[in-house]
Amino acid sequence: MTNRVITLLMLLLSGFLPATAQDFKEFDGLIEALRLATQSEDLSESADISLAEPRLAYMNLTGFPTLPTYKTGERKGWMEVYDGAGHYFRKRVVIHGQGGYSLRYPKNNFSCKFCENDWSEKQTTDIRFGDWVKQDGFHFKAFYTDFSRGIGEIGYQMFEHFTEDRRPYWERSGYMNPSRARCFPDGFPVIVYLNGKFRGIYAWQLKKHRKNMNMEKHNASHIHIDGNISDAHLFAGSIAWNEFEVRNPKDLYTTYGTVYNNNHPSELMSERSTHYPAAADDSETAEAMRRSAQVREAIVRLSGYHDELTRLEASRADTATVRQRFESYFDLESLIDYAVFFYFSANGDGTLKNWQWFTYDGHKWMVTPYDPDQTLGLGLYGQVRPAYFPIEHITSGPFYWLDRYYQQEIRQRWHDLRRRNILCDTTLVPIAEDWCDRVGDTFYELERQQWPTSPCYCEAICNDGWKPSDQWVQYSGTGSFQPTTTYLPGDLAKEEGRLWEATDTVRGIKPFIRNATPDSIARLSAWIPERIYYLDGVFGYLQETTIEEPVRQETPESDIIGIYTMAGIRVDKPTRGIYIFRYRNGKSRKVTIQ
Numbered sequence: 003m004t005n006r007v008i009t010l011l012m013l014l015l016s017g018f019l020p021a022t023a024q025d026f027k028e029f030d031g032l033i034e035a036l037r038l039a040t041q042s043e044d045l046s047e048s049a050d051i052s053l054a055e056p057r058l059a060y061m062n063l064t065g066f067p068t069l070p071t072y073k074t075g076e077r078k079g080w081m082e083v084y085d086g087a088g089h090y091f092r093k094r095v096v097i098h099g100q101g102g103y104s105l106r107y108p109k110n111n112f113s114c115k116f117c118e119n120d121w122s123e124k125q126t127t128d129i130r131f132g133d134w135v136k137q138d139g140f141h142f143k144a145f146y147t148d149f150s151r152g153i154g155e156i157g158y159q160m161f162e163h164f165t166e167d168r169r170p171y172w173e174r175s176g177y178m179n180p181s182r183a184r185c186f187p188d189g190f191p192v193i194v195y196l197n198g199k200f201r202g203i204y205a206w207q208l209k210k211h212r213k214n215m216n217m218e219k220h221n222a223s224h225i226h227i228d229g230n231i232s233d234a235h236l237f238a239g240s241i242a243w244n245e246f247e248v249r250n251p252k253d254l255y256t257t258y259g260t261v262y263n264n265n266h267p268s269e270l271m272s273e274r275s276t277h278y279p280a281a282a283d284d285s286e287t288a289e290a291m292r293r294s295a296q297v298r299e300a301i302v303r304l305s306g307y308h309d310e311l312t313r314l315e316a317s318r319a320d321t322a323t324v325r326q327r328f329e330s331y332f333d334l335e336s337l338i339d340y341a342v343f344f345y346f347s348a349n350g351d352g353t354l355k356n357w358q359w360f361t362y363d364g365h366k367w368m369v370t371p372y373d374p375d376q377t378l379g380l381g382l383y384g385q386v387r388p389a390y391f392p393i394e395h396i397t398s399g400p401f402y403w404l405d406r407y408y409q410q411e412i413r414q415r416w417h418d419l420r421r422r423n424i425l426c427d428t429t430l431v432p433i434a435e436d437w438c439d440r441v442g443d444t445f446y447e448l449e450r451q452q453w454p455t456s457p458c459y460c461e462a463i464c465n466d467g468w469k470p471s472d473q474w475v476q477y478s479g480t481g482s483f484q485p486t487t488t489y490l491p492g493d494l495a496k497e498e499g500r501l502w503e504a505t506d507t508v509r510g511i512k513p514f515i516r517n518a519t520p521d522s523i524a525r526l527s528a529w530i531p532e533r534i535y536y537l538d539g540v541f542g543y544l545q546e547t548t549i550e551e552p553v554r555q556e557t558p559e560s561d562i563i564g565i566y567t568m569a570g571i572r573v574d575k576p577t578r579g580i581y582i583f584r585y586r587n588g589k590s591r592k593v594t595i596q
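Numbering-wise (the working numbering), the sequence shown opens with residue 3 and increments by one.
Okay, structure coming up:
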């Protein structure tokens, strides 16, 4: 190892980083150099590894010409890992592409499984980080549209705060098995090199595995489903079996007598199937087929809950009766927590695919978030929405009934989290800032060099006759762009989650060439308190001990951090009306301006 390499490594590890990230762009042997420079412990021969959660880890993938770009694409090679705290290992890995829409981006997600012998997934390595459950495989999230390269992990850590006073999900159904399971992921930042060349900043993340759900592999009551889960696919009585997968239990059979394949899901076997085993058949296959029928029955029952509640309501049952029935079908706490987090984070993709539904008794279902990469103002295409973007009520599946009968409970939960300083900028902003501090300016600079067209680094490029519009309050009432429509100057159109304004008479011209918005931690750190204050207006929260009676003609003072309408929308300069003045000392005040 050259003196230059040693010097750079010691600067990196000590926190005194070099002036340019270029020194780390093509750093062949980085992981080996890190290991030698710090005299780290080599855990390569261990099949059971437990480490503290790394603050920032480093990985080098070798033997891979490229990373897979689709889920069924498979690559075999080696992964070297240095945890940044004196531990190293080198393992065989099998990797696949991971994700849905994100696989279309030039920097894509991947998943891996650690193998002990000849890349056989039957002999794998168990690895635990911090308080996580042990797993033999993990996801590596690219977050191509997000400046922090960790927006999903920031969201999970915030959601953990939202639910820290709740009992474990499984205990709510009477399954009293102690576990480190979270029922939603977590992650830490890792710098990934591919054959010694910088690939990017990734999030090393827990998978959607039964261990993290605290589920038994062959328990027919421990059911976890994932995929397109909505009224059209499941909740309204019609089941599209190919649109979602049953992740647990394992070893199931289809109605056609074939082994259930998660990658190509199909209808589960029922007792009416011609392939269903005879009563006397006690083989392992027969047991799996009976388990399949039990799981199918539970999912069919879930699909029928909507019609049952509809009939109950039509019978003119009182509210208490409807609520009691609803709460026998769904875990109320999980739905309320999901709704509050959904509204706070402005989750743009959390009511179809990116949520997890599961049960421990086959009857009462629960929900947690997954892949919150379109949250905290960030959209699918890299657009950034303001904190006052109106809430979109969740009405898919059981949330129709939650929205109809539990508005007061949602409101109370918001108030409770605000009173306990969980929903507070001093609690939530540091989560985002800590992630960015862990990555550091050097690697963010290198990331920008590697992926310069990432939407969070670029301005939008419009076609002639169009410009981006910031009239977000009109978003919900604006129609989608239509190539056959003639747009006059000032007309608005909605496209790719954003509003565009015509600056000339245009027809048949798409508003933009590139949809993008430069983003930063400064924007996110300001967005979080702004969103909280906006929703304080929606949910009617003001700390009673700090509210004073309306006063007249108050002039803004130097310690005012924001002025808001009663709907929670921030204004630069109030006109006539009643406003909420918020101060640096945490106090709030109603003010009448005449």
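Glycine included, every Cβ here is placed at the ideal spot set by N, Cα and C. Bear in mind the structure is a predicted one, so any value in this text is a computation, not a measurement.
DSSP, read as helix, strand or coil, puts P191 in strand. Cβ-Cβ distances below 6 Å link S181 to N216 in the same chain, with the five nearest sequence neighbours on each side left out; the list follows chain order. Minimum Cα-Cα distance from A322 among the listed residues G306, Y408 and L36 corresponds to Y408.
In the structure shown, I412 adopts helical secondary structure according to DSSP, grouped into three states. D561 and T577 have their alpha carbons spaced roughly 20 Å apart. Annotated three-state conformation of Q137 is strand, per DSSP. Under the three-state reduction of DSSP, Y307 is assigned to helix.
I231 sits in coil when the DSSP states are folded into three classes, being neither helix nor strand. Your pair A434 and I193 does not check out as a contact, with CB atoms roughly 19 Å apart and the cut at 8 Å. Counting along the chain, no beta strand (DSSP E) covers K27, and no H or E run does either. For I515, the enclosing beta strand (DSSP E) has its first and last residue at F514 to R516. Cβ neighbours of P531 within its own chain (closer than 6 Å, five residues either side excluded): D427. Taking C-beta atoms under 8 Å as the contact rule, F343 and P371 qualify, at a distance of about 6 Å. By alpha-carbon distance to I565, the top candidate from T260, Y390, S527 and K73 is Y390. Straight-line spacing of the CA atoms in K355 and K199 works out to 34 Å. Within the DSSP secondary-structure output, I97 pairs in a beta bridge with R77 and C114.
S52: not part of any alpha helix (DSSP H); member of the beta strand (DSSP E) spanning D50 to L53, first to last residue. Bounds of the alpha helix (DSSP H) holding Y536 are I523 to V540. In this structure, A205 places its C-beta atom within 8 Å of the C-beta atom of K143. Burial check for K109: the Cβ neighbour count within 10 Å reaches 16 or more, so the residue is buried. Inter-residue distance for W437 and R151 is about 9 Å (C-alpha atoms, whole angstroms). Rounded to whole angstroms, the gap between the alpha carbons of H308 and R421 is 35 Å. Taken through DSSP and simplified to helix, strand or coil, H226 comes out as strand. Contact check between the segment 173-189 and the segment 469-482: fewer than three CB pairs, one atom from each, fall below 8 Å, which does not count as touching. The three-state secondary structure of K213, taken from DSSP, is helix. The DSSP-derived three-state label of P457 is helix.
Runs of the alpha helix (DSSP H) lying entirely within the segment 353-415, each at least 4 residues long, are 401-407 in chain order. The alpha helix (DSSP H) runs of length 4 or more contained entirely in the segment 142-199 are, from start to end of the chain, 153-164.
In the three-state DSSP reduction, E123 falls in the coil class, being neither helix nor strand.
The beta-carbon separation of G139 and E55, rounded to 17 Å, does not stay under the 8 Å limit for a contact. Secondary structure note for F583: its beta strand (DSSP E) is the uninterrupted segment G579 to Y585. Of the residues G154, R274 and N250, the one whose Cα lies closest to the Cα of G379 is G154.
Each of F541, Y585 and L425 was checked against the Cα of M160, and the nearest Cα belongs to L425. When Cβ pairs closer than 8 Å are counted between the two stretches, the segment 167-177 is seen to touch the segment 362-376, the count reaching three or more. Remark: C-beta atoms of Q296 and A222 approach each other more closely than 8 Å. In terms of Cβ geometry, Y60 and L32 form a close pair [threshold 8 Å].
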